[in-house]
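A.B. asks: Numbering (my numbering), first residue to last: -15 to 216.
Set out below in structure tokens:
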């Protein structure tokens, strides 16, 4: 468990301290405890936690769901465990979009928190263990999406996503760029080479690929190019 790093985002200092002390006694590695959106964003980049225990109602700050959403943009593989007093449909719907590993209602028991954390860690460790034997050929976007460079196949939770030949080419170019922006004209030349295509062909191809990745991971920069965000 010392390899799994946990960050706490909780605006009630006493509650945060109780969680931290309890988890440290169990051997968990607590990287930081913060109270608001801005500190959470700053420290997630510095500490690179694997799991974040996230309060939804953060006073004088953007709420925990907004915080989790923006954290996922810079660290897609992080797992979110929500702690909240809210169980209304709108909050649940918003929270579900961040794909949390747990959603505990306050007041919750420490046993519930511990069990949820253990399950999240088991899932994370086994995911990486399963892919470890071909790690150099597996490109992880997050814990659910990965690309197998041996077979040129894209997967979501072990289910293969069907890609066209040009979608594969585009995806591989972006992966090889390792997070750098690739200019539009370079991408078009690689994908179509000497073929004559319409001006909208690339936009259509890019849109289709982004759709298959749920419009996550691939970013477009107006008048510049495209880049892809990967975990490893």
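Glycine is no exception: its CB is placed at the ideal position from the N, C-alpha and C atoms.
On the three-state DSSP scale, how would you describe residue 277?
C.D. replies: A question about residue 277 goes unanswered here, because the residues of the chain that appear run from -15 up to 216.
A.B. asks: Do three or more CB pairs link the segment 44 to 56 to the segment 3 to 13 at distances below 8 Å?
C.D. replies: Flag = no, the segment 44 to 56 and the segment 3 to 13 do not touch.
A.B. asks: For the beta strand (DSSP E) holding residue 157, just list the boundary residues, first then last.
C.D. replies: Taken as a continuous stretch (DSSP letters only), residue 157 belongs to no beta strand (DSSP E), being part of the alpha helix (DSSP H) at 149 to 160.
A.B. asks: For residue 167, write down the residues that DSSP places opposite it in a beta bridge.
C.D. replies: DSSP, once it has assigned bridges, lists 209 as partnering residue 167.
A.B. asks: On a CA-only basis, which of 128, 141 and 122 is nearest residue 135? Give me that one, please.
C.D. replies: Selected option, being the one with the closest Cα: 122.
A.B. asks: Taking only the alpha-carbon atoms, compute the straight-line gap between residue -8 and residue 65 and give it to the nearest angstrom.
C.D. replies: The alpha-carbon atoms of residue -8 and residue 65 are separated by roughly 10 Å.
A.B. asks: Any idea which residues DSSP pairs residue 17 with across the strands?
C.D. replies: DSSP lists -8 as partners of residue 17.
A.B. asks: Quick one: give me the first and last residue of the alpha helix (DSSP H) that residue 2 is part of.
C.D. replies: Its alpha helix (DSSP H) spans residues -3 to 9.
A.B. asks: Which of the three DSSP states is assigned to residue 196 in this structure?
C.D. replies: Three-state result, residue 196: helix.
A.B. asks: Who are the Cβ neighbours of residue 85 in its own chain at under 6 Å, not counting the five residues just before and after it?
C.D. replies: Counting only Cβ-Cβ distances below 6 Å, and skipping sequence neighbours, we find 63, 65 and 104.
A.B. asks: If you run the structure through DSSP and keep just helix, strand and coil, what is residue 94?
C.D. replies: Helix at residue 94.
A.B. asks: Jot down the residue ranges of each uninterrupted alpha helix (DSSP H) in the segment 56 to 86, minimum 4 residues, whole runs only, in chain order.
C.D. replies: Entirely contained in the segment 56 to 86, the alpha helix (DSSP H) runs reaching 4 residues are, in chain order, 73 to 80.
A.B. asks: Does the distance from the CB of residue 23 to the CB of residue -11 come in under 8 Å?
C.D. replies: No.
A.B. asks: Can you tell which of 10, 12 and 38 has the C-alpha that lies nearest to the C-alpha of residue -6?
C.D. replies: Ranking the options by Cα distance to residue -6, first place goes to 38.
A.B. asks: Please report how far the alpha carbon of residue 41 lies from the alpha carbon of residue 209, in whole angstroms.
C.D. replies: Approximately 37 Å between the Cα atoms of the pair.
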